[in-house]
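Reminder that position 5 of the sequence shown reads as 8 in the working numbering, one-by-one numbering, no gaps.
Using N, Cα and C, we set each Cβ at its ideal position, and we do this for glycine too.
Note that the coordinates shown come from a computational prediction; the quantities given were computed from them, not determined experimentally.
Right, one structure below, let's go through it.
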Amino acid sequence: MYLTVDQISKTYGAERVLDECSLELAPHQTLSILGRSGSGKTTLLKIMAGLEQADAGQVMLEGRDLHGVPPHQRNIVYLYQEPLLFPHL
C-alpha cells in the first residue's frame, strides 16, 4: 500500500473524535472523506499531514512510519477547502 492509516485515535478533552480509524490507499488512488461536521475529517487529514499528533495509531507512507517526521518532509499536503465542492452538505 502507498498510504496506510492504522488504528488512529484522537481525543480533545472528553470528546473522542477519531476512534481506531484505519484505511489503505494504493498508488494513484483518490480518497474522499465525507461526514457530518465534527466527525473528525479535518483531524484525520491533519494527522496524516503531520499538523496534529494522534493519541494512538500509525500513519505509514510507502512502508515508512511517519511518527516524528515533520510536515515538510512527509510529501503529504493538507489543503483546506471551503464547502464549494459539495454545497448541498
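- A check of alpha carbon separations from Ala57 across Met4, Val20, Ala29 identifies Val20 as the nearest.
- Of the residues assessed, Gly43 falls on the buried side of the cut-off, its CB having 16 or more other CB atoms within 10 angstroms.
- At a Cβ-Cβ threshold of 8 Å, Thr46 and Lys13 count as neighbours.
- For Thr14, the pairing in a beta bridge is given by DSSP as Arg19.
- In the three-state reduction of the DSSP assignment, Thr7 falls in the strand class, which pools E and B.
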